[in-house]
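A short write-up of the structure that comes next.
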Amino acid sequence: MNIKKAAEMFDLSIDTLRYYERVGVIPPVHRNTSGYRDYTTNDLNWIYLAKSLRHAGLSVESLIEFAQLAQLRETENVEDAQKQILSDQLEELDKKIAELHEVRELLVYKIETYDEHIAKFKAGEMGPDKVEKLWERKK
């Protein structure tokens with residue numbers, strides 16, 4: 001597959017794919033006899049993984065380290081190091097998901113109680129000195 005089709009497949013720019021290869025986010029892509037990149041399924045898997053992990057917040061530096069480790073298969077503990085990078089990212093992602101869940105619950109609460117709170121403010125039952133403490137609300 002050529003670079004244009006690979007870029008379209010993953011909704012990335014051609015420049016991004018070239019950049020990923022140049023800095024080592026993905027391993028070097030095989031080139032055909034004309035010198036053009038010829039993406040294999042393995043290359044496409046790397047692109048998909050890189051795009052997914054970038055969207056999840058993994059740094060370019062961590063992706064480069066992961067890709068470099070993949071090219072050092074004969075070195076001891078490479079698999080453990082790669083797995084640790086992925087495990088660390090999963091832990092960070094789980095933290096983000098928990099934080100997003102908390103924010104979502106707050107938004108749901110604010111939407112569900114919005115009309116009630118506005119009515120209390122208008123009636124003088126709530127004001128700057130008489131408001132609930134959102135952080136203490138029942139969840």
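Heads up: the sequence shown at position 96 corresponds to 96 in the UniProt record's numbering, and the numbers run straight through without jumps. Backbone N, C-alpha and C fix where the C-beta goes; we use that ideal spot for every residue, glycine too. Please read all numbers here as calculations on a predicted model, not as lab measurements.
_Assigned secondary structure, K5 (DSSP; H/G/I helix, E/B strand, else coil)_ = Position 5 of the sequence shown, counting from 1, holds the residue named residue 5. Correct three-state label for K5: helix.
_Taking the beta carbon of E21 as the centre, do at least 16 other beta carbons fall within 10 Å, making it buried, or is it exposed?_
On the sequence shown, position 21 is the one that residue 21 refers to. With 16 or more other Cβ atoms within 10 Å, it is buried.
*Provide the residue span of the alpha helix (DSSP H) that contains Y36, from first to last.*
Residue 36 sits at position 36 when you count from the first residue of the sequence shown. Note, Y36: premise wrong, no alpha helix (DSSP H); not H, not E.
*Name, in chain order, the residues that DSSP records as bridge partners for G127.*
Looking up residue 127 in the sequence shown gives position 127. According to DSSP, which records beta bridges pairwise, G127 is partnered with K130.
*Count the other CB atoms within 10 Å of the CB of I47; is the residue buried (16 or more) or exposed (fewer)?*
Locating residue 47 in the sequence shown gives position 47, counting from the first residue. Result: buried.
*Segment limits, alpha helix (DSSP H) that includes T41*: As a position in the sequence shown, residue 41 is number 41, starting the count at 1. That run of the alpha helix (DSSP H) goes 41–55.
*Answer yes or no: do L63 and A81 have a C-beta to C-beta separation smaller than 8 Å?*
The sequence position of residue 63 within the sequence shown is 63, counting from 1. The sequence position of residue 81 within the sequence shown is 81, counting from 1. No. Outside cutoff.
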